[in-house]
Amino acid sequence: MAIIEPDDRLRVLREHAREWATELRPYAFDLERDPDTVYRHLDLPAVNYVGKTMIPAHLQPDPMRIGRYTYYGSSAVERVVAAEEIAFGDAGMFLASPGASLSGVLVGMLGDETQQEWYFGRVRSRPTWTFFALTEPARGSDAMSLSTRLSKAPDGSATLHGEKRYVGNATRAEVGTVFARTGSGPLGVVAVLVETSAPGYHAQALDTVGLRGAQISAIRLDGVPVAPGRILGAHLPASARGMWSALRTFNLLRPGVAAIALGIARAAIEYARSQSKRGRDELDRLGHRVHTTRQLILRAAHEVDRDARNGYYASAAKAQAAQLAEEATQQALRILGPGSRFEHPWLDKLARDARGVEFMEGTRNVQRLTVCHALTKGRFDDD
Ligand SMILES: Cc1cc2nc3c(=O)[nH]c(=O)nc-3n(C[C@H](O)[C@H](O)[C@H](O)COP(=O)(O)OP(=O)(O)OC[C@H]3O[C@@H](n4cnc5c(N)ncnc54)[C@H](O)[C@@H]3O)c2cc1C
2 MAIIEPDDRL
12 RVLREHAREW
22 ATELRPYAFD
32 LERDPDTVYR
42 HLDLPAVNYV
52 GKTMIPAHLQ
62 PDPMRIGRYT
72 YYGSSAVERV
82 VAAEEIAFGD
92 AGMFLASPGA
102 SLSGVLVGML
112 GDETQQEWYF
122 GRVRSRPTWT
132 FFALTEPARG
142 SDAMSLSTRL
152 SKAPDGSATL
162 HGEKRYVGNA
172 TRAEVGTVFA
182 RTGSGPLGVV
192 AVLVETSAPG
202 YHAQALDTVG
212 LRGAQISAIR
222 LDGVPVAPGR
232 ILGAHLPASA
242 RGMWSALRTF
252 NLLRPGVAAI
262 ALGIARAAIE
272 YARSQSKRGR
282 DELDRLGHRV
292 HTTRQLILRA
302 AHEVDRDARN
312 GYYASAAKAQ
322 AAQLAEEATQ
332 QALRILGPGS
342 RFEHPWLDKL
352 ARDARGVEFM
362 EGTRNVQRLT
372 VCHALTKGRF
382 DDD
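Here the working numbering is used: the first residue of the sequence shown is 2, the next is one more, and so on.
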C-alpha cells in the first residue's frame, strides 16, 4: 500500500488539534463523573472545532479558520486527522461535544434544501447537541431488522412508535434523526427529523463504564408526531434513502471512529512509557502498529471521500484500530503491573474507553464480516 502523507492543510490541522487536546485532559475525570460538565467547556478549542464542523460549506458562514486554511470537517480525511489528536486528549470530551455529527452527514445526504436549512440553522445558531437513532434493544449488529414504526394516517400525518438504545447524546440533544419502518425490507425504512421537545419523546441516559461523555441513552417514542416535511429523502428514489443512507453515513464516519480508537491506543502507549522503563519492546511494537493503522485509516478515509459506497477499507480500519486500542490499553496495564487499574486511573479510563469504541458503529466481528465479503468479491485486489 502506498504511503499516504497528509498535505500542508491537514498537517496544520493536526498540529493545532494536538495542542487543543492537551487542554482536555484536566477535565476528563469530571466529565466521566458527570457528563453534563461539558456545558462548562464549550469554549475549549477542540469542542469548538467539533461544533463548527460537518455543516455543508454553503450553510456555514463561520467555519473554523487556522491561518490561511478553512476547515468544514466535510471530508473523512480531515475528520480522521482531527479525531485522532482530540481523542488522544480525551475521547469522552470529543463525543460529548455539540455539533451536527452523524445526523449532519445524513441530513447533508438526504435532506432537501428546506430540511438542510432548518437542521443546520439549528446547529449553527448556538451550541446544539444532536442524535442519530438507529440501534434498538436486541437489534444492534442486526440493525436492518429494526422495528420502530412510522405510522401514516389518511390525512397525511404520521407518528413514531418504538424504542432506540445506546444513542449518543440523546438526553441533551435538541434535534436528531430516527430510523423507522414504513414497510418491510430495507426499502421500507425511512429516516426522519425529530425534535426532542416533541410530545412522546422520552430519553434516559444509560450508566456505562466507558466513553461516559457520549452519554448514550435509551429512547422511547410514544406516538411522536412527524410532519411530512420532516421525512428525509422524500424527493429521492426509495433505494437512495432508508437503510442505504444509514450504511453510507457509517461508511463516511467509520474512519473517524477508527481514528478515535487510534488516539486512545497512542495515549495508552505514551502513558505507559512515561510511568515505567519496563516493556519497551512491547511498546515499540505497539508504536509501530500505530503507524501502520494510521495509514490504513487514511486510506479508508480517502476511499469513502472518493465514493461513500466503498466502506470495506473503513471496516478494515475500524476493526484493526479497535483491536489495537484494546491490546495497547491491556498491554500497558500489564506492563505497569498488578493493581495498575487502581494506581493509574488514567490508564484504567483508557482501557474502558477502548471497550466503548469497540461497539461504536459496529463491532469487530461485524466489520470482519464486511471485510470477508469484500475479499470474496475481489474489492481489495488493487493492493
Ligand atoms: C459509545 C457508543 C456510542 C453509540 N452511539 C450510537 C448512536 O449514536 N446511535 C445508534 O443508533 N447506536 C449507537 N451505539 C450502538 C452501537 O451501534 C451498537 O452497540 C453496536 O451496533 C452493537 O450492537 P449491540 O450493542 O446490540 O451488540 P450485539 O449486536 O448484541 O452484539 C453482541 C456481540 O455479538 C457479536 N455479534 C453480533 N452479530 C454477530 C454476527 N453476525 N457474527 C459474529 N458476531 C456477532 C458482536 O460482535 C458482539 O461481540 C453506540 C454504542 C456505543 C458503545
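Backbone N, C-alpha and C define an ideal beta-carbon position, used for all residues, glycine too.
Residue nearest to residue i in terms of C-alpha spacing, selected from the options
| i | options | result |
| --- | --- | --- |
| G288 | E196, L263, R310, S142 | L263 |
| E271 | Q332, G112, R10 | Q332 |
| E24 | T131, R182, I87 | I87 |
| H374 | E359, L233, N311 | N311 |
| L350 | Y313, G214, K53, T129 | In the sequence as presented, Leu is not what sits at residue 350; that position holds Lys. Residue G214 is the option with its Cα nearest to K350. |
| A204 | R242, A134, S158 | A134 |
| T149 | T129, D223, F132, L237 | D223 |
| G186 | G234, V179, L147, G100 | L147 |
| L297 | R286, A268, R255 | R255 |
| L325 | E20, I56, R290 | R290 |
| V176 | V195, S158, R166 | V195 |
| A268 | A22, R15, L11 | A22 |
| A206 | G230, K165, P99, V13 | K165 |
| F95 | F343, A159, H42, D208 | H42 |
| M65 | A77, V48, V78 | V48 |
| I217 | A239, G379, K278, T136 | T136 |
| A144 | G122, L233, S152, V179 | V179 |
| G280 | G93, T294, R249, L337 | L337 |
| L60 | I5, G109, R12 | G109 |
| S389 | Y120, T183, V225, Q116 | For residue 389 there is no data in the structure shown, the boundaries of the chain being 2 and 384. |
| K153 | R342, L237, V227 | V227 |
| D113 | L161, H162, L237 | L237 |
| R380 | S316, P62, E16, Y72 | S316 |
| V81 | L11, Y28, P27, E118 | L11 |
| D306 | G74, Y28, T38, R335 | G74 |
| L161 | A181, R286, H17 | A181 |
| G68 | S98, L45, E16, G340 | E16 |
Limits of the unbroken alpha helix (DSSP H) element including residue i
| i | result |
| --- | --- |
| D35 | Per DSSP, D35 belongs to no alpha helix (DSSP H) and is neither H nor E. |
| L325 | 313 to 336 |
| H17 | 9 to 23 |
| D399 | Residue 399 is absent from the structure shown; the chain starts at 2 and stops at 384. |
| S341 | 341 to 344 |
| V82 | 77 to 97 |
| T183 | Run containing T183: none; DSSP gives neither H nor E here. |
| K53 | 46 to 53 |
| F251 | 243 to 276 |
| S421 | This structure does not reach residue 421, given that the chain is present from 2 up to 384, and the question cannot be answered. |
| F121 | 114 to 126 |
| R231 | That residue, R231, is in no alpha helix (DSSP H); it is neither H nor E in DSSP. |
| T377 | 365 to 377 |
Opposing strand residues paired with residue i [DSSP bridges]
| i | result |
| --- | --- |
| F133 | T178 |
| L161 | L151, V225 |
| S146 | DSSP, once it has assigned bridges, lists no residue as partnering S146. |
| T71 | R66 |
| L194 | T178 |
| S218 | V168, A206 |
| R380 | According to DSSP, R380 bridges with nothing at all. |
| R389 | This structure leaves residue 389 out entirely; the chain is present only between 2 and 384. |
Buried or exposed (CB count within 10 angstroms, at least 16 for buried), residue i
| i | result |
| --- | --- |
| A322 | buried |
| G105 | buried |
| V210 | exposed |
| N252 | buried |
| N170 | buried |
| T377 | exposed |
| G157 | exposed |
| R127 | exposed |
| D35 | exposed |
| G363 | buried |
| A355 | buried |
| D282 | exposed |
| M2 | exposed |
| R231 | buried |
| P155 | exposed |
Residue range of the unbroken beta strand (DSSP E) whose run includes residue i
| i | result |
| --- | --- |
| H203 | 202 to 206 |
Short CB-CB distance (under 7 Å) between residue i and chain B
| i | result |
| --- | --- |
| A47 | Note that chain B does not occur in the displayed structure, where there is just one protein chain. |
Meets three-Cβ-pair contact criterion under 8 Å: the segment 299 to 312 and the segment 243 to 261: The count of Cβ pairs closer than 8 Å, one atom from the segment 299 to 312 and one from the segment 243 to 261, reaches three, so the stretches are in contact.
Inter-stretch contact at 8 Å, needing at least 3 Cβ pairs: the segment 237 to 256 / the segment 171 to 191: The segment 237 to 256, when compared against the segment 171 to 191, does touch it at the 8 Å Cβ threshold.
Touching by the beta-carbon criterion (3+ pairs, under 8 Å), the segment 49 to 56 and the segment 97 to 104: By the C-beta criterion, the segment 49 to 56 is judged to be in contact with the segment 97 to 104, since at least 3 inter-stretch pairs fall below 8 Å.
Meets three-Cβ-pair contact criterion under 8 Å: the segment 339 to 349 and the segment 267 to 282: The segment 339 to 349, when compared against the segment 267 to 282, does touch it at the 8 Å Cβ threshold.
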